[in-house]
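Following: one structure in structure tokens, then a few remarks.
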Amino acid sequence: MRLAKFGKDAGMATVNAVTGPVETSDLGFTLMHEHVIVKSPGVVENFPSVWNRAEEIERAVTLLRDVAARGVKTIVDATADMGRDIDFVAEVARRSGMQIIAATGLYFEVPRYFRSRSADVMAELFLKEINEGIAGTPIKAGIIKCAIDEAGTTEDVKKVLRACARVHRATGVPITTHTFAAGQTGTAQQDIFESEGVDLSRVIIGHSGDSKDIDYLSRLIGRGSYIGMDRFGLDMFLPTADRVATIAQLCKMGHADKMVLSHDANSYMDWFERPLIEATAPDWHYNFIPDTVIPALLASGVSEDEIRQMTVENPRRIFECCQPY
Ligand SMILES: [Zn+2]
0 MRLAKFGKDA
10 GMATVNAVTG
20 PVETSDLGFT
30 LMHEHVIVKS
40 PGVVENFPSV
50 WNRAEEIERA
60 VTLLRDVAAR
70 GVKTIVDATA
80 DMGRDIDFVA
90 EVARRSGMQI
100 IAATGLYFEV
110 PRYFRSRSAD
120 VMAELFLKEI
130 NEGIAGTPIK
140 AGIIKCAIDE
150 AGTTEDVKKV
160 LRACARVHRA
170 TGVPITTHTF
180 AAGQTGTAQQ
190 DIFESEGVDL
200 SRVIIGHSGD
210 SKDIDYLSRL
220 IGRGSYIGMD
230 RFGLDMFLPT
240 ADRVATIAQL
250 CKMGHADKMV
260 LSHDANSYMD
270 WFERPLIEAT
280 APDWHYNFIP
290 DTVIPALLAS
300 GVSEDEIRQM
310 TVENPRRIFE
320 CCQPY
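The numbering of the sequence shown is numbering that gives the first Met the number 0, which starts it at 0 and goes up by one.
And the structure:
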């Protein structure tokens, strides 16, 4: 595989957002795992009447302006494939003023195309999205995404993780993951990354906040990774009170420097009809952390400094640590 640099000098800490490079010192309050738009691949392309793109752009701009008004300056859009629509995201970023960092990589539902192809074929494609741009645009990915879900370490996802590890090492761009926390798939991810020579401190093991198993979470942190406490509002996986209590306990154990916060929310997602989402997960939106979670963390004994650590300092450090190796 061709090794390529991220296109910047050592120590020049910038990260590629969809509207261009951003100084890491300018990231500010960052939600580390959100989505702008999630589409089932092929549906709107074949059945365009299922949505109104212009209306959805307006909605996304409004939602991101709302959360920006609450002090959130940056979101990481952890959408790799899943109907990723970079022109949509770029327009929303420009109009809302939100700094949005786009992802390369693949979700756990790996397209059939890749079944007969190697990890290095995948890696070349991811690399291009970091060095040249996504889908023919000059918009560069700023993070690498992969996933192991309930089905565990299938051949498909193993290949994706290996490709992501190689691209991470070639570029220095950080990795963020989706896990099935109930199956502790974060551990399997760390094993695969380690076998590829990845420094686990450059990886965020996502959806760890779905677990309140302090042993599991401590093991992930003990191997060096950040953990994503990143599904606030998804009470069907773990209620908010448990998520808050788990973070408070890990802060008491001295781990505020290893957690990042987010919702895994979206503005548009076609997997379910919108009224069903609003009825079953009413707290699942971009504003829930600033409006409700932060006050709850403070009430649980988490300090202002620890909150700043998780929402500002850790994201900055993750993107600042950007050298290939
Ligand atoms: Zn996600």
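Quick reminder that beta carbons are idealized off the backbone N, C-alpha and C, glycines included.
DSSP three-state assignment for residue i, whether helix, strand or coil
i	result
Q322	coil
I306	helix
R258	For clarity, residue 258 is Met in the given sequence; the question names Arg instead. Three-state DSSP puts M258 in a strand.
A92	helix
A12	coil
P20	strand
V202	strand
A280	coil
E131	coil
Best match in the options for proximity to residue i [C-alpha to C-alpha]
i	options	result
K157	G135, I133, E108, I85	E108
H254	C163, G205, M309, V159	M309
T18	Y112, V88, E312	V88
Y106	K38, R168, E123	K38
C163	L199, T184, A122, D190	A122
N45	G70, R111, G82	G82
E154	I293, P110, H32, V66	P110
S24	V243, D84, T13, I129	T13
Check: residue i C-beta below 7 Å from any heavy atom of ligand 1
i	result
D263	yes
H325	Past the edges of the chain, shown from 0 to 324, lies residue 325, and the structure says nothing about it.
A240	no
A102	no
A77	yes
H284	no
H32	yes
H177	yes
Backbone CA spacing between residue i and residue j [nearest angstrom]
i	j	result
C320	N15	13 Å
T136	E55	21 Å
A146	R273	25 Å
A140	I226	21 Å
N313	D190	23 Å
R307	L30	12 Å
R168	G196	8 Å
Y324	R222	19 Å
Contact with chain B by residue i, beta-carbon distance below 8 Å
i	result
A164	Protein chain content of the structure displayed is limited to a single chain, and chain B is not contained in it.
Quiz prompt | Three or more C-beta pairs below 8 Å linking the segment 203-222 and the segment 166-179 | solution = yes
Quiz prompt | Inter-stretch contact at 8 Å, needing at least 3 Cβ pairs: the segment 284-302 / the segment 69-81 | solution = yes
Quiz item: How about the segment 39-52 and the segment 255-262: do they share at least three Cβ pairs that are nearer than 8 Å?
Solution: no
Quiz item: Taking three-plus beta-carbon pairs below 8 Å as touching, is the segment 86-101 in contact with the segment 56-71?
Solution: Contact holds: three or more Cβ-Cβ distances are below 8 Å.
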